[in-house]
Amino acid sequence: MSNMAVTGGIYKSYTHIASGKRINGAADDAAGLSIAQKLLKEQNGLDVGAENAQAGIGVMNVADGAMNGITDSLQRMGELAIRSMNGLASDSDRAIYQNEIDQLKGDIQFMARNTSLNEHKLLDGSMADMHLATNPDGSGMKIGMANTTLKSLGIANFDVTTGNFNLDDIGRALDKVSSRRSYLGASTNRLERTYNYNKNASLQQLVSRSRIEDLDMPKAISDKKKEELLSEYRNMALKRQMNQNTMVMRLFQ
Numbered sequence: 540m541s542n543m544a545v546t547g548g549i550y551k552s553y554t555h556i557a558s559g560k561r562i563n564g565a566a567d568d569a570a571g572l573s574i575a576q577k578l579l580k581e582q583n584g585l586d587v588g589a590e591n592a593q594a595g596i597g598v599m600n601v602a603d604g605a606m607n608g609i610t611d612s613l614q615r616m617g618e619l620a621i622r623s624m625n626g627l628a629s630d631s632d633r634a635i636y637q638n639e640i641d642q643l644k645g646d647i648q649f650m651a652r653n654t655s656l657n658e659h660k661l662l663d664g665s666m667a668d669m670h671l672a673t674n675p676d677g678s679g680m681k682i683g684m685a686n687t688t689l690k691s692l693g694i695a696n697f698d699v700t701t702g703n704f705n706l707d708d709i710g711r712a713l714d715k716v717s718s719r720r721s722y723l724g725a726s727t728n729r730l731e732r733t734y735n736y737n738k739n740a741s742l743q744q745l746v747s748r749s750r751i752e753d754l755d756m757p758k759a760i761s762d763k764k765k766e767e768l769l770s771e772y773r774n775m776a777l778k779r780q781m782n783q784n785t786m787v788m789r790l791f792q
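Just so you know, we're using my numbering here: the sequence shown kicks off at 540 and counts up by one.
Printed below as a string of structure tokens:
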């Protein structure tokens, strides 16, 4: 073994120990490097998918919070409508009830038009399907968002002052909102399961990649000491040879 080879081996040992990696370049293990890069790509895709799932859960929570407020407004509208149907209610009473109903309708419309996340409207019908890329290949889930505008709920013209209104309109609007909340709740649960799966799968990818890339540190340190001893022995032998050559040259002088 040449002195250059020994020195190169020591340098390589120091490089591996410093990085903690068995594979620092293609020359160390070309096949292993290729496999490790594929595992890293899969791991990165799983991590991003988990982040996307978590962002989707945030969207679901925002939408559900707004629909909870809409539900409260619809419940109050139903109460006022029933009061207006009482035979003791006067026209002025119904006008007062309608004034509050109009305020509640305004609140519902405001929440439907302005509930958003990252500049995306969630409840005005503009986001019919939201795609969440939860898988490493970019595929994932499509979640249908709600439309809770007054027109969609069928209560845009709800008016108790005319005496010609249908209380069932409020019931149907409540059913529609409750149905969408139930759907979004189920979607949230699915996203939570996807998030947990992705994080666990990502960890398994990391473990598999570590088996390929990571250095067996005790063995590497032992090998380095052996290479240092070989280098020291080689240097001593070279020095001894040079001394012997010098002595021979002096004999001929």
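All residues carry an ideal CB built from backbone N, CA and C; glycine is no exception.
- About 11 angstroms separates the Cβ atoms of Ala740 and Leu578, ruling out a contact at the 8 angstroms cut-off.
- Annotation for Ile647: no beta strand (DSSP E) segment contains it, though the alpha helix (DSSP H) segment containing it runs 630 to 653.
- Beta-bridge partners assigned by DSSP to Met624: none are found.
- The count of Cβ pairs closer than 8 angstroms, one atom from the region 667 to 682 and one from the region 580 to 594, reaches three, so the stretches are in contact.
- When beta bridges are read from the DSSP output, Leu662 appears opposite no residue.
- A direct Cα-to-Cα measurement between Lys660 and Asn686 gives close to 10 angstroms.
- Note that the region 612 to 626 touches the region 697 to 716; at least 3 beta-carbon pairs, one per stretch, sit closer than 8 angstroms.
- Shown here, Leu656 sits in a strand according to DSSP, grouped into three states.
- Apart from the 5 residues on each side of it in sequence, Met666 sits with its Cβ closer than 8 angstroms to the Cβ of His659, Lys660, Met684 in its chain, given in chain order.
- When beta bridges are read from the DSSP output, Lys681 appears opposite His670.
- For Leu692, the enclosing alpha helix (DSSP H) has its first and last residue at 689 to 692.
- Under the DSSP definition of a beta bridge, Asn686 partners with Asp663.
- When secondary structure is reduced to three states using DSSP, Leu706 falls in the coil class, being assigned neither helix nor strand.
- Of the candidates Lys738, Ser631, Asp714, the residue whose Cα lies closest to the Cα of Glu590 is Lys738.
- For the pair Ile574 and Ser747, the Cα-to-Cα distance works out to about 10 angstroms.
- Here Asp714 is not near Phe697, since their CB atoms are 8 angstroms or more apart.
- In terms of CA proximity to Arg652, Met606 leads the group Met606, Gln743, Gly595.
- Under the three-state reduction of DSSP, Thr610 is assigned to helix.
- Between Thr610 and Val716, the CB-CB gap stays under 8 angstroms.
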